[in-house]
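Notes follow the structure.
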Amino acid sequence: MKPLAGLSTPLLLALRRERFRLPASIIALAFWVGLLAISLVRLYPDQESRQGLAETINNPGSTFLIGRIYRAENYHWDAIIGHETLLIVAIAVSILSILTVVRHTRAEEEEGRIELLRAGLVGRHTHLATGVLISIALNAGIAAAVFCTLLPIGGEVVSSAGSLVYVSSLFGIGLVFTAVAALAAQITATGRAATGLSGLVLAASFLVRGIADTSESAENLAWASPLGWIQRTFPWDQNNLLPLLACVLVSAALLLAACIVNTNRDLGTGLVAPRTGRPTARTSLLTPLGFAARLNRTNTLGWLIGLAIFAAMYGPILGDAENFLSQMPVLADFIPTATDDSVRLFASIIVSLGALVISIPAIQVVTRLVNDEKAGRIAAVLANHFSRTSLYGATILFAVIVAAALSACFGVVLGLTAAHSTGDTTLLGEIIIAALGYLGSIVLLIALAGFLASWIPRAVSLVWLVLALNVVILYFAALLDWPNWISWTSPFEHVVARPGADSSDTTAQLVLWGTAGALALLGAVGYRRRAIAG
């Protein structure tokens, strides 16, 4: 039988399953890029402000985060958009590619669907090809949608040639991490491990690129990172497509390796066998909270390290906050209750961004309850060990603990680095309090995820849409002059979590925690009453 025999059937089936997810991902990412571009144009309306920005962000911290500045002598809107957005959008595209490939390869195999389909006239590489083709279609859709989003902005801001290089870079990085995920899905034995291994490669790429950009002696090290390749295209400046050749060649090599491994392994296994467990379980696993902690410890630890690095990179930048914000007085609109202190104003923006990021691992704790149920694992646990109420309650409680711990860690690291860079030791306590001030907003999202997981488990993904809307509202509503009632819908807008803020948000906190408690209780009722899959 040919390796790709019967490709059309699983491919059409996969497209049908992705008929909502793929268009939503494409539209959301294109909308986000459009918002970023329009916001940057409004933030820097004249050449003086743009040149001031170039001088301000030309420092090691900013260079590590977003890449080395180019065309600094004429830092026009196109250079700003290319320099400040390409890396972060490329990371988003890479993550989407990884999740798509793993979802249609290793996750399908783990759940037993591939074994069922292999009983028919389906080739050995058919499902690997399906995952890769779906991811390529996703990246092509993103590239086309982003290009169409940039075109209406106008040639005065971005040229069509530069836009074409920009979206080609996004497609190139998506292709690379499509191949990385395809190989990882053959090496590992579980979908979670495949995603983790691919994410580790992405993190290593970011780190290598950051070191190369901040060190003159290690500049050539950027060629060891796919993220470094796409940054060397310099969209709207050099428009150099040659680095994308490396993306194509490496992707082809990785896909060839994935096919070779797939040919020589057994169905349901990986090149690396999963680690054997302990002969006896720890006593902590006999409690619902200990069980929830064990399931989520690796993911939580990864986010803890990532957030600590994120805070450590942004803390030193606060020392240049006055120069930075003098070029962007409009940023004060983002934080209407902030003080006039530029350091605390900028710190409040970073803290609010950290709170939104911290919401992701906290929500993941709850959504895993649904994912494990789909895989048939929860029914066995409920049949032998825990009651529904105790398992649900422990999951919600651990999600809150994760949010609190990550908020405290983020606040401590950001506060320490900020205090060191500014010489103001009072910042440490103020930033920690500000970071913990968003806990009520995060807990409300956790409770919403629990409510959806209990009553409408198929719709639990809606909580990610709610989080995305909060990001848009918090960072773009004031800048784009949206009506106040739109901002009012975000729980993050009702919190006065600002370093050194004089006003109180006691009423808002009571409403947030009270609403979260009500949703959590309703979720407990729903989880206790509904049928559990498996």
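Just add 9 to wherever you are in the sequence shown, counting from 1, and you've got my numbering. Don't be surprised by glycine CBs; every beta carbon is placed ideally from N, CA and C.
Do you know how far the Cα of residue j is from the Cα of residue i?
i, j, result
"residue 117", "residue 396", "29 Å"
"residue 419", "residue 410", "14 Å"
"residue 14", "residue 250", "35 Å"
"residue 392", "residue 531", "23 Å"
"residue 201", "residue 247", "39 Å"
"residue 432", "residue 483", "29 Å"
"residue 362", "residue 192", "33 Å"
"residue 159", "residue 168", "9 Å"
"residue 344", "residue 267", "In this predicted model, residue 344 has a pLDDT of only 49, less than 50, meaning its place in the structure is not dependable; the value taken from the coordinates is given anyway. Computed Cα separation, rounded: 48 Å."
"residue 177", "residue 55", "29 Å"
"residue 95", "residue 23", "29 Å"
"residue 232", "residue 258", "13 Å"
"residue 381", "residue 375", "10 Å"
"residue 141", "residue 523", "46 Å"
"residue 347", "residue 103", "Per-residue confidence for residue 347 stands at a pLDDT of 43, beneath the threshold of 50, marking its modelled position as unreliable; no derived number is given."
"residue 240", "residue 466", "40 Å"
"residue 18", "residue 28", "15 Å"
"residue 464", "residue 401", "12 Å"
"residue 127", "residue 199", "19 Å"
"residue 519", "residue 453", "11 Å"
"residue 541", "residue 53", "53 Å"
"residue 309", "residue 114", "25 Å"
"residue 533", "residue 406", "12 Å"
"residue 208", "residue 60", "36 Å"
"residue 65", "residue 49", "15 Å"
"residue 390", "residue 428", "47 Å"
"residue 388", "residue 416", "33 Å"
"residue 121", "residue 276", "10 Å"
"residue 213", "residue 538", "45 Å"
"residue 5", "residue 195", "This structure cannot settle anything about residue 5, because the visible part of the chain is limited to 10 through 543."
"residue 496", "residue 51", "19 Å"
"residue 426", "residue 437", "9 Å"
"residue 526", "residue 535", "14 Å"
"residue 210", "residue 151", "22 Å"
Do residue j and residue i have their beta-carbon atoms positioned less than 9 Å apart in this structure?
i, j, result
"residue 446", "residue 504", "yes"
"residue 155", "residue 125", "no"
"residue 119", "residue 301", "no"
"residue 439", "residue 356", "yes"
"residue 186", "residue 269", "no"
"residue 459", "residue 441", "no"
"residue 89", "residue 130", "no"
"residue 472", "residue 457", "yes"
"residue 67", "residue 75", "no"
"residue 312", "residue 91", "no"
"residue 449", "residue 517", "yes"
"residue 320", "residue 359", "yes"
"residue 272", "residue 133", "yes"
"residue 105", "residue 34", "yes"
How is residue i classed by DSSP in three states: helix, strand or coil?
i, result
"residue 247", "coil"
"residue 383", "helix"
"residue 214", "helix"
"residue 228", "helix"
"residue 112", "helix"
"residue 235", "helix"
"residue 175", "helix"
"residue 395", "coil"
"residue 68", "coil"
"residue 149", "helix"
"residue 346", "Low confidence applies to residue 346: its pLDDT is 45, below 50, so where it sits in the model is not reliable, and the reading given next is rough at best. DSSP places residue 346 in coil when its eight states are reduced to three."
"residue 77", "coil"
"residue 134", "coil"
"residue 85", "coil"
"residue 416", "helix"
"residue 167", "coil"
"residue 465", "coil"
"residue 546", "The structure shown does not extend to residue 546, since the chain is modelled only from 10 to 543, so the question has no answer here."
"residue 117", "helix"
"residue 222", "helix"
"residue 535", "helix"
Inset, instruction - Only counting runs of 4 or more residues, tell me where the alpha helix (DSSP H) segments fall wholly within the stretch 467-533, in order along the chain. - result: 471-485, 493-497
Inset, instruction - For the stretch 13-64, list the alpha helix (DSSP H) runs that are entirely contained and at least 4 residues long, ordered along the chain. - result: 17-26, 30-52
Inset, instruction - Could I get the ranges of all uninterrupted alpha helix (DSSP H) runs contained in the stretch 267-323, with 4 residues as the minimum, in chain order? - result: 297-323
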